[in-house]
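Working notes, structure below.
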Amino acid sequence: MAFPQPRPQAPQIPQHLLRTIDCQQGAVRAVRFNIDGNYLLSCGSDKSLKLWSTSRGTLLKTYSGHGYEVLDADGSYDNSQICSCSSDKTVILWDVATGQVTRKLRGHAGKVNCVQFNEEATVILSGSIDGTVRCWDTRSRRYEPIQVLDEARDGISSLKVAQHELLTGSVDGRVRRYDLRMGQLHVDFISSPITCVCFSQDGQCTLSSSLDSTLRLLDKSTGEMLGEYTGHKMKGYKLDCCLSSKDTHVLSCSEDGHVYCWDLVEGSLSLKLPVGKAVVQSLSFHPTETRLLTAMEGRVQVWGADEKGSA
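Numbering of the sequence shown is given in full-length UniProt numbering, commencing with residue 1 and proceeding in unit increments.
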């Protein structure tokens, strides 16, 4: 006697608020999970960077050294270092344990919007309103960048690194993908200023959000448009988008106080998550579990797939 096969479980979406963290650092400009999702980083308009426990919501350390609001941050693969960038035109490399500034990197001509380590944390990549991406060697004592990428015609709003590839989004409406190993540049033209870019988890696609309130999923190798996602509001702010940890959903911040979540394949809206009454400034999806971070004004929200907080 055969039993019917269990139906495949629908992919879960984080829609239950597990906790709210009052960061007390002015407006939170960006919120980021660390490499394993056990910690989160919040970037404040009060010039501070804070490290929190995701599960308990407790403050572990405050990093002070920027001269103006902190706009982005990233943790290294071994959790020993953090890099951050600011409107003060600098990039700072921090020692996580001591909270001390290891390096302060100057060279950008304007505010630095985005920053990320490469996989081995040997290089920091930073993108600025000055239209350049600068690559800094974390191990050398030299203070000049090892490479400057200046192809953009306007400010760099977002960048992501995956293995030997660099993805950048610019206000000039172009998504640029650099193959750093082959020395090649691929450009996709999107007619509206780009606010955020990311790779899909499987590395086959790129996702970009722009100020025409549209997210676009492109095939990485051909540039073919695979999906368009609309309904949210993104007209005047640099807001984040991302993919879920298993590439099942596309998520975006919105100026109407919600996070919008679409089914990646169908393009249909799966969830409109009410965060609050202001602009959802930033979001970050957990690297492996069904967890989501959102930032609104001075608070960070942690969301899970169910009330208990299990993934």
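Just so it is clear, CB atoms sit at the ideal spot from N, CA and C, and this is done for glycine as well.
| Asked | Found |
| --- | --- |
| Rounded straight-line distance, which links the Cα of H286 to that of N34 | 9 Å |
| Proximity below 7 Å, CB of V31 to CB of L269 | no |
| DSSP beta-bridge partners of T168 | L159 and R176 |
| V171 and G155 closer than 7 Å at C-beta | yes |
| DSSP beta-bridge partners of V302 | R19 and L293 |
| Cα-Cα separation, K277 to T222 | 40 Å |
| For H249, the residue or residues it bridges with in DSSP | D263 |
| Chain-order list of residues whose beta-carbon lies under 8 Å from that of M296 (same chain, five-residue window excluded) | V28, G257, V275, G276, A278, V279, V280 and Q281 |
| C-alpha gap between L271 and E144, whole angstroms | 45 Å |
| Contact between the stretch 90-107 and the stretch 14-27 (3+ Cβ pairs under 8 Å) | no |
| Sufficient close CB pairs (3 or more, under 8 Å) joining the stretch 41-56 to the stretch 241-260 | no |
| Euclidean distance between Cα positions of T98 and I190 | 43 Å |
| 4-residue-minimum alpha helix (DSSP H) runs that sit fully inside the stretch 195-243, ordered along the chain | none |
| Contact check, D212 vs S192, beta carbons under 7 Å | yes |
| Residues of its chain near S158, where Cβ-Cβ distance is below 6 Å and the 5 sequence neighbours each way are ignored | C114, G169, C196 and V197 |
| Three-way DSSP call (helix, strand, coil) for D78 in this model | coil |
| Given G203 as reference, the closest of M182, M234, K238 and L166 once Cα atoms are compared | L166 |
| Supposed contact pair L283 and V250 - C-beta distance, whole angstroms, cut 8 Å | The pair is not a contact, with the Cβ atoms about 12 Å apart (cut-off 8 Å). |
| Selected residue, minimal CA-CA separation from S64, among T54, D78, N79 and G44 | G44 |
| Reduced DSSP secondary structure (H/G/I, E/B, other) of A73 | strand |
| C-beta neighbour in chain C for E120, strict 7 Å | Absent from the structure: chain C. Only one protein chain is present. |
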